Each structure stands twice: as structure tokens, then as C-alpha cells.
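Residue numbers (this note's numbering), protein chains in the order written: chain A, 791 to 1251; chain B, 57 to 168.
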Amino acid sequence: MSLVTGIKVVDLVAAVCFILALAGLSNPKSARMGNLVGASGMLVALGITFATPGLSRFGLMIGAMAIGVAIGAPAARLVKMTAMPQMVAAFNGVGGGAAALVSLVEFLKVPPSTFATYQIVEVLLGVTIGCVSFAGSAISFAKLQELMSGRPVTYPGQQFFNGLIGAGIVGLVIAACVTPHTSLIVIVAILALAFGVVFVLPIGGADVPVLISLLNSFTGLAVAASGFVLNSVLLVVAGTLVGASGTLLTRMMSKAMGRSLPNILFSAFGAVITASQSTESTGGRSVRAGSAEDIAILLAYSRKVIIVPGYGLAVAQAQHVAKELADLLEARGVEVFFAIHPVAGRMPGHMNVLMAEANVPYEELKEMDLANGEFATADVALVVGANDVVNPAARNAPDSPIYGMPILNVDEAKNIVFLKRSMRPGFAGIDNELLFNPKTTLLFGDAKDSLTKLVAEVKAL
Amino acid sequence: MSGTNILELVTVFVLAVFVGFEVISKVPSILHTPLMSGTNAIHGVILVGAMTILGTAHGTTQIVLGFLAVVLATLNVVGGFVVTDRMLEMFKGRQGPPSDKGPKDDTRVGEP
């Protein structure tokens, strides 16, 4: 077997490892093993690359890798689970940047005139998508890390301006296909970076889960394009798997928000409503605030309690206290589980990770569809730091911006308890009718303090 | 950069799309965050490409860009797999058999 054939076989093994890694994620039990299989596939693929004929500068390669490890490993080890969305955005962005550079440098190596048109297209796709992903991820990171406002950034003529940049890229791509010239490719790269920035600016924080997922698929496609440029089956397979996964996840997320993808990307959701409704007024209506003691009694003497954790719980770092309360109630014979909305948190499935961090067994984390069958028989729905994902306006107020979004039907429970910091509306900036429901009791305060009080009261019973 | 097998690559691409959709549609929403960071790690395979272009680079510009690509791609690979492993480590089932909660107390009421 020649070396080249050997490399191809190893690439095949690595590609299978990647598919197995994704297949492992179909179940929490096999997921970790799957990830290790994927990592092994990666190691094997990298190892064999060192044996590729015609390569040199191994010292420089290892030096560059050492820098990457020195930055990446500690960052990945130390990041808090609440900061996971921006970490994923960052790692996604660097991948996109790398893909763009690979396509660009490969183009620089050969005189442009020797390229066939489809090869130019491959290069341009890799460079453009990679740059958009890099710049878009950087802005998403800045928004999530609160280096800049998470609110949509809008200005007059924004759509037109963005369209203009987009059209500019398309025009230059066509021009570059006709007369391939390095400077044209570089201009495309710069415009693509600019497009990544202006594309993400008007997208509000609540829509970021969809955005990150979309950017993930962009990077996958950029890698696949680089695979075409380099004639690497492995890169095409891996990049395409990621592209397909990101596309599917993006679709699932926009469905979970009840909105179309174009609406999420282009409507600057939340910008207008925030201006008109972000006041703390209750519109003259009264809400019922309860004491921790009353609520503790209500919880302790229930048969079934469903806890709905939202991002407020994560911000307050209250996952562990929530778990403690659940354990206490279970010890008293109360049936307790957590109902998780698909877009709770700042990225798809984020809330599950945060609850898993607090050692909640995954059997007690129920997806929306399963949980919604249970509310009608629940004595208490305890909503901790969530708002929009339980807002009945999504079902019955056609003029509401969140109308059509599937929600957790907490209004079907016999009693509803909200642990809220204040009467301020949620991330989407929309008032919640449920707060004024006669079945609803509110306990104001920081989620962690409130839960701690409830734990103490339940213990005292 | 020979274009002899463009059709083969397109075939692989199309098949990979179907495999991707097939595999991902089986992932439960509870694991969507690890799925994202896991796929994130997988596209770090661009490191293979980055090593290739650095290893065959001519001139300072190409070497600098290639070096940068290797650094970025390594970040992607290492960060992606480590973060995914950290998350998946936390997903645990119930410890041991489900505890016997005993018969439900009749004094429990729905609306106290």
C-alpha cells in the first residue's frame, strides 16, 4: 500500500469517527464516548498529515499548534457554563477564519490563469463564507460577552446598506470568475468581513441562539469549500456534516421561536418594542405577591411540581439551589421535574447544560413537548427567571411579536409561582399577561436568594 | 490542485449532507449545546488544510498566513473537544435504582 493510499484510508477512518461522534449524541449515555471517538479521529487525521509527501516546516507547524493549545486549552477548561455560548461563538469564528485563510493561501500559490472557473468559485466560496463566519462570530461574541449592547443595532437604510454590500460581493465574485486576480479576491475577503459585521449587528440577544447555530453551519460550509479547493475528501465530509447539522438546528430553533429564519435575521426583533414597553409599570393592574413561607407550604404539600428554569436562574447562578429545592421536595414525596424550553438560555439546549452542571439527572429534564402534557395535572408550576417562554401571548395575542412561538403551558397548572427580580419584561421586552392571572403568586427578588429562602422554609416545615 | 475528481467530491458532498441530516435529526434537544460544540470541534479538521498550506507555502506572506491559519484551527480543535467533553461529563443519569418514594400521603392537596 502506497503512502498516498494509506493517507486516504486514514482519512476514511477519521471521517467515520466524526460520524460516530455525532451518532453518539443521540443519547446522553453514549455522548461522551462519541466525543472521544471524534477526538481520536481528529488525532489520527492530524498525525497522518505530518507524513504527507511534499510537506515541510514541521517546526513552524508545531510552534503554531503549541500557541493554539496554549490559548485554547485553558480557555476551554476555565469557561463558565453560562459563558458557553460566547465560547462556542469564539471557537466557531476562529474555525471560519482558518478556512478562509486556507482557501486564500491555496489560491496565492498558483498563477491565477491556471485555474478553471469552478476552482475559482471554490476558492471564493471558502473565502467569503469563512470571512462572514469569522466576523459574524466575533460580533456575536462581543454581544454575548457584553463588550457591546445585546440590543439590536439599527440605523436608517440598514437593509439597503447591507444589501449593497451583499450585492457588491456577488458582483466581485462574478468579476473574479471572469478575470481571476488576487486583488479581487482580497477585496471580496474584506467585503465579506464587513458583511459579517453588519449582518449580525441588527440581531438582538434573544435571537442569538439561532444566529450561533447558523454561523456554525457557515463555518462547516467554509471548511467543505476548502476541502474542494484542496481536493480533500476528509475536509468535505467533516465540513458538510457540520453544515448540515447547523442548518437543521437553525431550522429547529426558528421553529421553536415560532418565526421564520428571515424574520429572525432581518427584523431587528426587540428594538422597537423595547422603546415602548420597557417601563416597569403594571398598567394599573395588581399582581399578587406572596411570602416565601406561603410558597414553601404550597410546594411542600403538592403532588406534582414542575420547575421552569429560565436564563434568569442561570444569571443568578441558582442552578444548585434549584436542584436542592427539587431534592427536598422529592424527599417529601412530591413528584418534581424540570421543563426546559428549547430556546431557554443563550444557545440551543443551553439550559440543559446548566441544569446538568447542577447534577440534575437528565431523566428529570423534560423537553417542551413532553412537559406540556404534564402541566394540566401539576399542582404548581414554579417559574424561575423565565418569562417569554411561558407567555400565553404567544398563543392568543396575534399582535404580539412572539405570537406563534411554542411555549410551555404553565397556565394549565393549578397554581403558578413566578420567582422574578422585578416586573420588568423579559429579554424580548414583552409584557406577560400570566403575571396578572389570579392563579399566579409572585416572589420578588434575585432568583438565588428566593430559592434559598424557599429551601429554608421547606426544611423548617 | 488538480481538478480531476471534482465529481467525486460533489458525490461525497451530497452523500454527507444526507448522512448529516440523518444523524443530527436523532439528537434530542437536551443535547443541542454539546451537539453545537461537538460539530464545532469537528470543523476544526480545517487544521489538516492549514498544516498543508503552511507546509507547502512559498514566500513570507503565505508562511505568515499559513502560520496564522494553523494557530486559529488548533484553537478550534482543542477548544471544541475540551469544552464538549466538559459538558458531556456533567450529563449523568439517576444514581442507582430510583429511590422508593413510598405511598403518597392522602393529606396532600392540590390547592391548599
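Cβ coordinates follow ideal geometry from the N, Cα and C atoms, glycine included. Since we're looking at a predicted model, the values are computed, not measured.
### Query
In whole angstroms, what is the alpha-carbon distance linking residue 1151 of chain A and residue 147 of chain B?
7 Å
### Task
Go through the segment 924-980 of chain A residue by residue and report every complete run of the alpha helix (DSSP H) that reaches 4 residues or more, in order.
948-968
### Closer than 8 Å to chain B by CB, residue 832 of chain A
yes
### Nearest candidate by alpha-carbon position, reference residue 919 of chain A, set A/875, A/1136, A/1013
A/1013
### Task
Put residue 1164 of chain A into one of helix, strand or coil per three-state DSSP.
coil
### Query
Is there contact here, the segment 1230-1249 of chain A with the segment 1109-1127 of chain A, by at least three beta-carbon pairs under 8 Å?
yes
### Task
Let me know the secondary structure DSSP gives residue 1138 of chain A once reduced to three states.
coil
### Query
Between the segment 118-141 of chain B and chain A, which residues of the former have a C-beta closer than 7 Å to a C-beta of the latter?
118, 121, 122, 123, 124, 125, 126, 127, 128, 129, 130, 131, 132, 133, 134, 135, 136, 137, 138, 139, 140, 141
### Secondary structure of residue 1071 of chain A, DSSP reduced to three states
With a pLDDT of only 45 at residue 1071 of chain A, under the threshold of 50, the placement of this residue in the model should not be trusted, and no figure is reported.
### Query
Quick one, which of A/935, A/1029, A/890, A/898 has its alpha-carbon nearest residue 982 of chain A's?
A/890
### Task
Select from A/1103, A/1145, A/1094, A/1115 the residue whose C-alpha is nearest the C-alpha of residue 1125 of chain A.
A/1094
### Task
Pull up the DSSP beta-bridge partners for residue 1127 of chain A, would you.
A/1096
### Short CB-CB distance (under 8 Å) between residue 116 of chain B and chain A
no
### Message
Could you tell me the alpha carbon to alpha carbon distance between residue 1081 of chain A and residue 1115 of chain A, rounded to whole angstroms?
### Response
16 Å
#### Entry: Three CB pairs or more closer than 8 Å across the segment 86-105 of chain B and the segment 125-135 of chain B
yes
### Query
Checking contacts by CB at 8 Å: is residue 952 of chain A closer than that to chain B?
no
### Message
Spatial neighbours of residue 1254 of chain A within its chain, please: C-beta separation below 7 Å, excluding the five flanking residues on both sides.
### Response
Residue numbering for chain A in the displayed model covers 791 to 1251; residue 1254 of chain A lies beyond these limits and cannot be assessed.
### Message
If I measure Cβ to Cβ from residue 1165 of chain A and keep anything under 7 Å in the same chain, skipping five residues before and after, which residues do I get?
### Response
1096, 1171, 1199, 1200, 1202, 1203
### Task
Assign residue 904 of chain A to buried or exposed, taking buried as 16 or more other Cβ atoms, counted over all protein chains shown, within 10 Å of its Cβ.
exposed
### Task
Taking residue 1210 of chain A as part of the beta strand (DSSP E), name the residues at either end of that continuous run.
1205-1210
### Task
Evaluate residue 878 of chain A with the Cβ neighbour count: other Cβ atoms within 10 Å of its Cβ, from every protein chain shown; 16 or more gives buried, anything less gives exposed.
buried
### Task
Could you name the residues of the same chain whose beta carbon sits closer than 7 Å to that of residue 1008 of chain A, not counting the 5 residues immediately before and after it, in chain order?
886, 919, 922, 923
### Task
Would you mind telling me which residues of chain A sit closer than 7 Å to residue 63 of chain B, beta carbon to beta carbon, in chain order?
Ordered by position in chain A, no residue passes the 7 Å Cβ test against residue 63 of chain B, which lies about 11 Å from the chain.
### Query
Is any beta-carbon of chain B found at less than 8 Å from that of residue 1024 of chain A?
yes
### Message
So, does the segment 983-993 of chain A touch the segment 924-931 of chain A, judging by three or more C-beta pairs under 8 Å?
### Response
yes
### Message
Please tell me whether residue 1104 of chain A and residue 872 of chain A are closer than 8 Å, where the distance is taken between their beta carbons.
### Response
yes
### Query
Residue range of the beta strand (DSSP E) that residue 73 of chain B falls in?
Residue 73 of chain B -> not in any beta strand (DSSP E); alpha helix (DSSP H) instead, spanning 62-80.
### Query
Relative to the C-alpha of residue 957 of chain A, which residue among A/984, A/969, A/1250 is closest?
A/984
### Query
Just reading off the beta strand (DSSP E) that residue 1156 of chain A is part of, what are its end residues?
1155-1157
### Query
Just the Cα atoms here: how many angstroms apart are residue 849 of chain A and residue 1212 of chain A?
58 Å
### Message
I believe residue 736 of chain A touches residue 1222 of chain A by the beta-carbon criterion, under 8 Å. Please report the beta-carbon distance rounded to the nearest angstrom.
### Response
This structure cannot settle anything about residue 736 of chain A, because the visible part of chain A is limited to 791 through 1251.
### Query
Smallest Cα separation from residue 129 of chain B: which of A/1226, A/1138, A/906, A/1016?
A/1016
### Query
Under a CB-based cut-off of 8 Å, is residue 1072 of chain A close to chain B?
Residue confidence is low: residue 1072 of chain A scores 49 on pLDDT, short of 50, so the model does not pin down where it sits. Its coordinate-derived value is still stated next. By this cut-off, residue 1072 of chain A is not an interface position.
#### Entry: Residue interval of the beta strand (DSSP E) (run including residue 1170 of chain A)
1170-1174
### Message
Judging by CA-CA distance, which residue of A/961, A/973, A/1018 is the nearest neighbour of residue 70 of chain B?
### Response
A/1018
### Query
Contact between the segment 1134-1152 of chain A and the segment 76-96 of chain B: three or more CB pairs below 8 Å?
yes
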